[in-house]
Amino acid sequence: MKAALPLSAPARDGSDPRRWLALCVLLAGTLLPPLDFFIVNVALPAIQADLQATPALAQLVVSVYAAAYAVTLILGGRLGDLYGRKRMFIAGMLAFGAASALCGWAPSPGVLVAGRLLQGISAAVMAPQSLASIHAIFPAQEKARALGMYGATFGAASVAGQLLGGLLVSVDLFGLGWRTVFLINLPVIALAVPAAAAWVRDSRSEQTGRLDIVGALLLAAGLLAVVVPLIEGRERGWPWWCVGLLALGPPLLRVFWRCEQRQERGHGTPLVPPSVLVSPGLRRSLAATFFFYTIAPFFLVFAVYEQTGLGHGALAAGLAVLPLGIGFLLGPLCSAAVARRLGADTAAFGMGLEVLGMLAAAGLAWADAPAWLSAPLFLIGVGQGIALPALVRLNVDQVDARWAGLAAGLVSATLQISAAVSTATIGGLFFALSSHGTGPGPVKTAFPVALLAIAAGLALAAVLSRTPAPPRIGGR
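Mapping of the sequence shown onto this note's numbering: position 33 corresponds to residue 696, and the numbering continues sequentially without gaps.
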């Protein structure tokens, strides 16, 4: 039997008079998770010095957040489908605030790492509800514009994280130093929670059921076995436990999948219903999403190229990547206009711009002409900003609205897993090449090679995103 929709359900045409106010609140939940990743990267040296943390423990401050976030995103999206996206959004935001306070007042590295773990989990509960709610409350003719603003928020996070982190640490507001990079979340959450309660309309799947706890644990174990070694392996020299975990990951994920199939055959409520993923269109769009995020290691290799290859300081390196951030901020604002002209080819067009930008940057780096990199970096950012919202919509449009939370979790988890895989592979290639010799020369050689590898991944993503997809599944 289908459960009744909540009283706050939309009118038959899908419109909601408060949807644009709600979008402002939902975008706050979209901004905070990536912002907290970028902002902490900049503040990490100050954290390490103040808490007298070892390099390995300081690295955990970054990696434990990334791993917890990637592993629990699908669960977070499914919680919204089952128990209400508004409820889970507010719960995740409150938990994120509590975890931010714990990080901000952490007396030791161990407490800070625990706070970051809780931040990652609560961010994974909060973030998918934003995308799923946008899919649920906006009519089709307004989704491109709303998703453009959703994509622009990621651009804002990449720019603001780099600049705000350095600014807050330098200003030393109230003598709190690095702690302000976490505590700054609290006033945002204090404003966003009551606004969400007032403006965001609740939505959920029409089908009721209980959370698949066994499936959630198996999926978390399988993803942890894959993600943790990819995040930690290169930094630690690929110890035996990293290799062992990687080998354990595929069998655990296979057991998870068989349990989900058994649940669905028994008319249960699997965490990831296999029938949703049988759509070739969804599988292709998720594959495109995976290769789309091969750009993730770019920020790492560019920082090394700027500082080691060109001899620039940390501030100069941060300013050098600013054209990409500005392009990423502006690109999504053009996405709706591009979509009106190109339709389903919008994502491929954006990724084509990124490929051109990567090839131009690689050529300039090989020619040792770094002064001209701003133009291709801006092109990369614009392309990324156009492609992201179009690719997100390409994924969520493959499934019925009742699976919107699951689709949002799958998209976000795919991006995070791709970031870990591409950083391990392309980043590993870059560091392997740059370690052959001394001085800046090897870095200058390795950088364009890494850019070509990223361009190849983006080109493959563009091809996959253009493949015609069958109609959505999962509807009645």
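For each residue, glycine too, the CB sits at the ideal point set by N, CA and C. All figures in this text were calculated on a predicted structure; none of them were measured in a lab.
| task | Could you spell out the range, first to last residue, of the alpha helix (DSSP H) harbouring H798? | result | Counting along the chain, H798 sits inside the alpha helix (DSSP H) bounded by residues P772 to I800.
| task | Determine the burial state of S1128: buried for a count of at least 16 other Cβ atoms within 10 Å of its Cβ, exposed for fewer. | result | Label assigned to S1128: buried.
| task | Let me know the secondary structure DSSP gives V863 once reduced to three states. | result | It is coil, neither helix nor strand.
| said: Here's the rule I'm using: 16 or more other beta-carbon atoms within 10 Å means buried, otherwise exposed. How should P1052 be labelled? | reply: With 16 or more other Cβ atoms within 10 Å, it is buried.
| Out of W683, Q782, I753 and L707, which has the shortest C-alpha to C-alpha gap to K806? | Of W683, Q782, I753 and L707, the residue nearest in Cα terms is W683.
| message | So within the region 800-835, which uninterrupted alpha helix (DSSP H) runs reach at least 4 residues, ignoring any that extend past its ends? | response | For the region 800-835, whole alpha helix (DSSP H) runs of length 4 or above, ordered along the chain, are 803-834.
| Terminal residues of the alpha helix (DSSP H) in which E927 lies | Annotation for E927: the continuous alpha helix (DSSP H) segment containing it runs W903 to R928.
| query | Which whole-angstrom value describes the C-beta separation of D744 and R1065, a residue pair presumed to lie in contact below a C-beta threshold of 8 Å? | reply | Contact check for D744 and R1065: beta-carbon distance about 7 Å, within the 8 Å limit, so the pair qualifies.
| request: Measure the beta-carbon distance from A951 to L1054 and round it to whole angstroms, keeping in mind my assumption that it falls under 8 Å. | output: Their Cβ separation, rounded to whole angstroms, is 6 Å, which keeps A951 and L1054 in contact under 8 Å.
| message | In this structure, how does DSSP classify V941 when only helix, strand and coil are distinguished? | response | Note: V941 maps to helix in three-state DSSP.
| request: For F953, count neighbouring C-beta atoms within 10 Å of its own C-beta (all shown protein chains included) and say buried if the count is 16 or more, exposed if not. | output: Counting the other CB atoms within 10 Å of its CB gives F953 a total of 16 or more, which places it among the buried residues.
| task | Keeping to the same chain, check which residues put their C-beta closer than 6 Å to that of L945; ignore five residues upstream and five downstream. | result | Apart from sequence neighbours up to five positions away, the residues of its chain that approach L945 with a beta-carbon distance below 6 Å are Q1061, ordered along the chain.
| message | Using C-beta distances below 8 Å, list every residue in its chain close to L1069, excluding the 5 sequence neighbours before and after it, in chain order. | response | Once the five neighbours on either side are set aside, the close Cβ partners of L1069 are I737, G740, R741, D744, V935, P936, V939 and V1062.
| Below 8 Å, can you find three or more Cβ-Cβ pairs linking the region 680-694 to the region 1022-1037? | Cβ pair count under 8 Å is below three, so no.
| said: Comparing C-alpha positions only, which one of T717, A1071 and A855 sits nearest to L686? | reply: Nearest option by C-alpha distance: A855.
| query | Would you call the region 718-729 and the region 815-835 in contact, with 3 or more CB pairs under 8 Å? | reply | No, they do not touch.
| query | Span of the alpha helix (DSSP H) holding A1067? | reply | Counting along the chain, the alpha helix (DSSP H) containing A1067 begins and ends at A1067 to S1097.
| said: Going residue by residue through the region 967-1000, where are the continuous alpha helix (DSSP H) segments of at least 4 residues, counting only ones entirely within it? | reply: Counting only runs of 4 or more, we get 977-983.
| task | Label T837 either buried or exposed according to how many other C-beta atoms from any shown protein chain fall within 10 Å of its C-beta, with 16 as the threshold for buried. | result | Correcting the residue type first, residue 837 is Phe in the shown sequence and not Thr. Label assigned to F837: exposed.
| task | Measuring alpha carbon to alpha carbon, tell me which of I702, T932 and P680 ends up nearest I847. | result | It is I702 whose Cα lies nearest to the Cα of I847.
| By Cβ distance, which residues of its chain are closer than 6 Å to P960, with the 5 residues on each side in sequence left out? | S1085, T1086, I1089 and G1090, listed in sequence order.
| Per DSSP, what kind of secondary structure is V1062 in: helix, strand or coil? | For V1062, the three-state secondary structure derived from DSSP is strand.
| In chain order, what residues of the same chain lie with their CB nearer than 6 Å to the CB of I1043, ignoring the 5 residues before and after it? | L987, E1017 and G1020.
| field | Given 8 Å, three or more beta-carbon pairs between the region 749-767 and the region 814-822 | value | Judged by Cβ distances under 8 Å, the region 749-767 makes no contact with the region 814-822, as fewer than three pairs qualify.
| Is it buried or exposed for S821, if we count other Cβ within 10 angstroms and need 16 for buried? | Label assigned to S821: buried.
| Delimiting residues of the alpha helix (DSSP H) encompassing F701 | R682 to L714 is the span of the alpha helix (DSSP H), which, as asked, contains F701.
| message | Which same chain residues end up closer than 8 Å to S868 when comparing Cβ atoms and leaving out the 5 residues on each side of it in sequence? | response | The beta carbon of S868 lies closer than 8 Å to those of D744, L745, R1065, W1066 and G1068 in the same chain, with the five residues before and after it left out.
| said: With the cut-off set at 8 Å, would you say F801 and A790 are in Cβ contact? | reply: Not closer than 8 Å, so no.
| If you check the beta carbons only, do V890 and V734 fall under 8 Å apart? | Yes. Within cutoff.
| Straight-line Cα distance separating P770 from L1121 | Cα to Cα, L1121 sits roughly 43 Å from P770.
| message | Taking 8 Å as the threshold (C-beta atoms), are L1114 and A1024 in contact? | response | Yes; because the gap between Cβ atoms is below 8 Å, this pair is in contact.
| query | Does the distance from the CB of A706 to the CB of V918 come in under 8 Å? | reply | No, the Cβ-Cβ distance between A706 and V918 is not below 8 Å.
| request: Using the Cα positions of L973 and A1011, report the straight-line distance between them to the nearest angstrom. | output: Taking C-alpha positions only, L973 is separated from A1011 by approximately 33 Å.
| said: Using only CA atoms, which one of V1059, G976, Q804 and R921 lies nearest to A999? | reply: Of V1059, G976, Q804 and R921, the residue nearest in Cα terms is Q804.
| query | Pick from V851, C997, L1057 and H930: whose alpha carbon is nearest that of P943? | reply | The residue with the shortest Cα to Cα distance from P943 is L1057.
| task | Tell me, to the nearest whole angstrom, how far the beta carbon of G1006 is from that of Q1047; I am working on the premise that it is less than 8 Å. | result | The beta-carbon distance between G1006 and Q1047, rounded to whole angstroms, is 20 Å. This is too long to meet the 8 Å contact definition.
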